[in-house]
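Here the protein sequences line up with chains V and A, keeping their order. Under my numbering, the first residue of the first sequence carries the number 158, and numbering increases by one thereafter. Under my numbering, the first residue of the second sequence carries the number 64, and numbering increases by one thereafter. Think of the CB as a built atom: it goes at the ideal place given N, C-alpha and C, for glycine as much as any other residue. For reference, the structure discussed in these notes is given below.
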Amino acid sequence: MASYTLKVRRYQPEAEEDGRRGAYWETFDVELDPTLSVLDGLLQARDGSDGTLSVRCSCRAAICGSCGMKINGQSTLACKTRIGEAAAEAARISGADASGPLISPPAEKELADGDGAPGPGTESAGNEPIVIEPMGNQPVIKDLVTDMESTHWKKFRRVTPWLLPSGPPPEREHIVPPESMVDVTQSVACIQCGACVSACLSMEADPEFIGPAALAKAYRFVGDPRDGQTTERLYDLANDPHGIYDCTHCFACVDVCPKGVAPMNQIMRLRRLAGHDHDIHDVNNGRNHELGFVKIIERKGTLDESLLLQESYAPGVKGKLLPRAASIKGLLQSIPTAIRGIRTGKMRSLPKLIPGVHPKLPGDAQDHVKAIYDRAEESRIQLNLYVIGEGGEEDQAAEAVEPESVSEEPSAT
Amino acid sequence: MPEHDVLVIGAGLAGQRAALAAAERGVSVGIISKVHPIRSHSNAAQGGINAALAVDDTWESHAFDTVKGSDYLGDQDAIEVMCREAPDELLHLEHIGVTFHRNEKGELGTRAFGGASKARTYYVADITGQAIMHTLYEQLMKYADQIDRYEEWFTTDLAIDDEGHCVGAITRNILDGSTELFRAKSVILASGGNGQIWHPTTNALICTGDGIAMAYRAGATLMDMEMIQYHPTTLAGKGFLITEGARGEGAHLLNAKGERFMETYAPNKMELASRDVVSRAEQTEINEGRGFPDGTVALDITVVPRKRIQEALREIVLVGRDFAGVDITREPIHIKPGNHYTMGGVKTDVWGRTNVPGLYAAGEVACVSVHGGNRLGANSLLDTLIFGRRSGEDGADHAKGRGQGSVPRSALADAEAAVEEIIGRAHDGGRRVSEIKAELGATMDGKVAVFRDEEGIQSALDAVRRLKEEAAGAAIDDRGSVFNQDVLGAIELQNMLEQAEAVCMAALERKESRGAQYRTDYPERNDEEWLKHIDVSRNGGEPEISYSPVTITDWQPEERTY
Ligand SMILES: Cc1cc2nc3c(=O)[nH]c(=O)nc-3n(C[C@H](O)[C@H](O)[C@H](O)COP(=O)(O)OP(=O)(O)OC[C@H]3O[C@@H](n4cnc5c(N)ncnc54)[C@H](O)[C@@H]3O)c2cc1C
Ligand code: SF4
Ligand code: SF4
Ligand code: FES
């Protein structure tokens, strides 16, 4: 047993007897075994002292997807987060706040500990409040209960989430490659908890974005050999302005997903299927934009922004423009964005916009880049937890790309 | 006032399957669930679903295993229906998109499960229930024109007309606290089991058996209520389940001395004997001092190849890691028997009809009875689907050509007043709902579990009756209408206590040992006196016990060994 403090972001839509109404913070002291969950802590607070504290929960075992919320700023399931670890994390964050960066280098960390900042495992670990908030990107109904209907379920329905078989059912089962079922089972494993929706950066910028979980659901059908509408589905998802090209590769959904669904991976597979395999030229120019990155890095090793707009809107052969009317329009429309980019410092210097002045990689680095491209062309490695397991994923991922030779820029679109 | 031909209360597997079957017959359907449908407890089913689909398997073999598993208390006509229709149901699921595991040839592949003479369990990794339920939910979207979904609505009571027909249900919209009287020509209860009466349990917090209590209040007969399954492999304290699939894949049970103790209890089937047998074996080891100090024995999954674990048992790798801090691929995990499944429930025929006209029940809320004294692993999902579909079909037919019944006007007002009464109670009036619930859970787990005797059951019954009185005045905090979970908790508590009373009465009544009911004071099965169902009903007044015969077709009771 240990004591913990929960600092809960509350919202009461109706006035309570003591006059509390609206949004406010409230702390609850609870006492429980460190191996129990943050949800157990919340339920202790609710059962023991304040029955008005609202939280959706049912299975207590990361299966039903009810208890998505933010714990210490991280979107996750409360039942899957051990309270002892959450308290240590809270302490680490507040310690780190004092000493600067979130992930401090070892030397600095020691210093922080020496300063008396509470670290994991110290006596005071339980006293740093665990900060609990409702999920992000979703309107709050009451306390930790959010409105997932408007932010997720609507979009879930948007992807035609049922199998559209190509013909009448066979007499017995469909005969399909065993791996194909294992493959889509990664998306089937989604429990619709909304943690990814809560963490998604694109969703924050574009609330209409279909979103990680709904797009993972879309892949579940696209990747299913029994579905007869693969092309139509891909065409639809690629051309939706809030569809697959609206994702910015931020990895947040992969990071927070409690079920290893890796929604971003599913989105990337949808893109690859749409753009590469089905040759769908979407009205959003998403495919060209993506190819633009690929081509530029292959040629230059790092991102030459001066070529990106051109590649995205009017991809040419060896630098020659092959303009389509729509593309020219798109290109012109992008000019304000480019200027804003320069102003806000996102594009660091004007010369970056001038073709030809982009710096070359030193030595034979460009050959290494080329080698990565060749290797990537050779094999598509599917990072599927059901196929290779969790440990395996890291091993294979590490093999697939050699992180030290990849510039950081290409992943940030 | 929402109106439908068929109203389904509960949106787990049984409810969704019923709604779809009814919609396919062309009627209008409403489906209600107190949580979003995909949060229903069916998603917890890890292991799989049984069907004699393989060419070298027969429904008779499946049926015999089920009859034997039930300790001959299952009704054999119902078991025949379930096992005969299983293959088609499974193929239907495959056709609408369930991503069942395939063998190398791309055909449906199986795994072994307890109490079965053949490997006939079909599965999706270890998320079978979730995979099937999400697929049915997809179909609900597809049928959106015909099926209205009421997600996060809580049914408090059934509406019964003057002739005793069920004509609808009274339901609270959790989002805004408004109460509606739903009218329907057929009402199908599919509201799941009551594991929350015990603590710990593998069941989710929502499994409070509301439907069993509502039907009971409405005059429906409950059957086999004493038959409560304790699952052999649950995590101590928290009650999380380690699927039987683990043993199906070859995992061993070991006592603290490292002995594979099932050799003594079931030399042929070993770990894959029926659940009641394995749970008793474990509890005996623990009681006789051969368990670990924390009151457990060990499940050793390390004997299963790693790759196979990753592919087929990934969910329990996560459960082990996240909830027990154990890497099951490298070390044994401590487990014990824990409350798991409600074999009994609202008594129905093979079409889901109860003794209340217009009222159907299917799934864990119901007792057909296909599970009798002990349910076989992977037979429950099958039960939900087969009898869910049959209730949907018959419910639709019943509704056709019939007008809406008339509901007594007072019904809605009475229901609202009952909720208002709870909300209006003094804050400091009585014990907290959570306290009463905790005492109930501990009492039932202590006295009405794997081993039982008269004294224990009687003391549990006394406690339950006292708690019932306390619950009538239990205090709650939330006075609001938006998402008031506090008041729902108080209603669920009342429901649980009503059922607990029926469970204790039935357990006290059955003076023999059969299936999940093991009486240390009557350790033998006694077919002469007790090869019969115990029914409990409450027509307005106090609970009453009666009996009904067990239907026997082809399989005469025999001694049960594994
Ligand atoms: C951990 C675990 C693992 C299992 N594994 C297997 C397995 O491998 N194979 C197998 O065959 N079986 C398994 N079972 C058993 C099986 O999962 C259940 O028996 C079955 O899913 C029950 O389905 P159901 O549709 O009857 O009820 P549920 O899925 O429990 O659904 C009940 C529904 O009723 C609704 N409801 C309840 N009360 C109300 C109310 N008052 N108002 C409105 N709505 C209400 C709920 O919201 C829910 O939608 C397992 C069970 C558990 C606990
Ligand atoms: S990777 Fe894409 S979908 Fe995932 S969180 Fe980031 S922007 Fe959203
Ligand atoms: S993808 Fe993962 S995080 Fe997103 S809803 Fe599904 S389970 Fe939750
Ligand atoms: S309570 Fe079910 S996911 Fe947390």
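- request: Check whether the Cβ of Phe-450/A lies closer than 7 angstroms to any heavy atom of ligand 1, and answer yes or no.
  value: no
query: Considering Tyr-200/A, what are the terminal residues of the alpha helix (DSSP H) in which it resides?
result: 191-205
query: Are any of the Cβ atoms in chain A nearer than 8 angstroms to that of Met-421/V?
result: no
- request: To the nearest angstrom, report how far apart Asp-617/A and Gly-240/A are at their CA atoms.
  value: One Cα belongs to Asp-617/A, the other to Gly-240/A, and the distance between them is close to 52 angstroms.
message: Does Tyr-581/A come out as helix, strand or coil in the three-state DSSP assignment?
response: coil
message: Let me see if you follow: with CB-CB separation under 8 angstroms, is Asp-477/A close to chain V or not?
response: no
task: Establish whether the CB of Ser-307/V and some CB of chain A are separated by less than 8 angstroms.
output: no
task: Residues of the stretch 228-250 of chain V with a CB closer than 7 angstroms to any CB of chain D: list them in chain order, please.
output: The chain inventory of the structure shown lacks chain D, comprising the protein chains V and A.
Cutoff 8 angstroms; reference Ala-264/V; Cβ partners in own chain excluding five residues on either side: Unreliable placement is indicated for Ala-264/V, whose pLDDT of 41 sits below 50; the coordinate value is still reported in the next sentence. Around Ala-264/V: no qualifying Cβ.
query: If you measure from the CB of Ala-219/V, is any heavy atom of ligand 4 nearer than 7 angstroms?
result: yes
message: Excluding the 5 residues flanking Trp-216/A on each side, which residues of the same chain have their C-beta closer than 6 angstroms to its C-beta?
response: Closer than 6 angstroms at Cβ, skipping near neighbours: Ile-95, Thr-234 and Asn-236.
message: So that I know if they touch, is there some Cβ in chain A lying closer than 8 angstroms to that of Val-339/V?
response: Chain A contact via Cβ: present.
- prompt: Between Val-440/V and Lys-452/V, what straight-line distance do the alpha-carbon atoms span, to the nearest angstrom?
  reply: 20 angstroms
Member of Arg-453/A, Glu-621/A, Arg-582/A and Ile-608/A whose CA lies at the smallest distance from the CA of Ala-84/A: Arg-453/A
Residues sharing a beta bridge with Pro-589/V, DSSP: This structure leaves residue 589/V out entirely; chain V is present only between 158 and 570.
- request: Can you say whether Met-559/A is buried or exposed, counting buried as having 16 or more other CB atoms within 10 angstroms of its CB?
  value: The residue in question, Met-559/A, is buried, as its Cβ has 16 or more Cβ neighbours within 10 Å.
- request: With distances taken Cα to Cα, identify the nearest neighbour of Glu-621/A among Glu-592/A, Ser-611/A, Glu-123/A and Arg-588/A.
  value: Here the closest residue by C-alpha is Arg-588/A.
Exposure label - Tyr-33/A; buried when at least 16 CB within 10 Å: Lying before the first or after the last residue shown, residue 33/A is absent from chain A, which here runs from 64 to 625.
field: Under 8 angstroms from the C-beta of Ile-159/A: neighbouring residues of chain V
entry: Trp-319 and Leu-320
task: Would you mind sorting Val-366/A into buried or exposed? The rule is 16 or more other CB atoms within 10 Å of its CB.
output: When all chains shown are included, Val-366/A counts as exposed.
- prompt: Ends of the alpha helix (DSSP H) at Met-406/A?
  reply: From DSSP, Met-406/A is part of no alpha helix (DSSP H); its letter is neither H nor E.
query: Does the stretch 280-300 of chain A come within contact of the stretch 433-443 of chain A, defined as at least 3 CB pairs closer than 8 angstroms?
result: yes
- request: Scan the stretch 381-395 of chain A for residues whose Cβ lies nearer than 8 angstroms to a Cβ of chain V and list them as they occur along the chain.
  value: Leu-381, Val-382, Asp-385, Phe-386 and Gly-388
message: Between the alpha carbons of Glu-566/V and Glu-455/V, how many angstroms are there, rounded?
response: Note that Glu-566/V scores 34 on pLDDT, short of 50, meaning its location in the model is unreliable and no value can be drawn from it.
- request: Using only alpha-carbon positions, find the residue among Glu-328/V, Asn-396/V, Ala-362/V and Gly-222/V that is nearest to Leu-196/V.
  value: Gly-222/V
query: For Ala-537/A, which of helix, strand or coil comes out of DSSP?
result: coil
task: Give the residues of chain A in contact with Gly-222/V, contact being defined as C-beta atoms less than 9 angstroms apart.
output: His-99, Ile-101, Arg-102 and Asn-106
field: First through last residue of the alpha helix (DSSP H) which encompasses Lys-164/V
entry: Segment 159-169 is the beta strand (DSSP E) holding Lys-164/V; no alpha helix (DSSP H) there.
message: Quick check on Pro-296/V - is its C-beta less than 8 angstroms from some C-beta in chain A?
response: no
- request: Could you run through the stretch 204-234 of chain A and flag, in chain order, every residue whose CB is less than 7 angstroms away from some CB of chain V?
  value: Met-204 and Lys-205
message: I need the DSSP call for Phe-514/A, collapsed to helix, strand or coil.
response: coil
message: What I want to know is whether the C-beta of Val-71/A ends up closer than 7 angstroms to one or more non-hydrogen atoms of ligand 1.
response: no
- prompt: Counting pairs of beta carbons, one from the stretch 255-265 of chain A and one from the stretch 399-418 of chain A, are three or more of them closer than 8 angstroms?
  reply: yes
query: Could one say the Cβ of Leu-626/A lies closer than 8 angstroms to chain V's Cβ atoms, at least one of them?
result: Residue 626/A lies beyond the stretch modelled for chain A, which goes from 64 to 625, so this question has no answer here.
message: When you measure from the CB of Gln-467/A to every non-hydrogen atom of ligand 6, does any distance come out below 7 angstroms?
response: With respect to small molecules bound, the structure shown includes ligand 1, ligand 2, ligand 3 and ligand 4 and not ligand 6.
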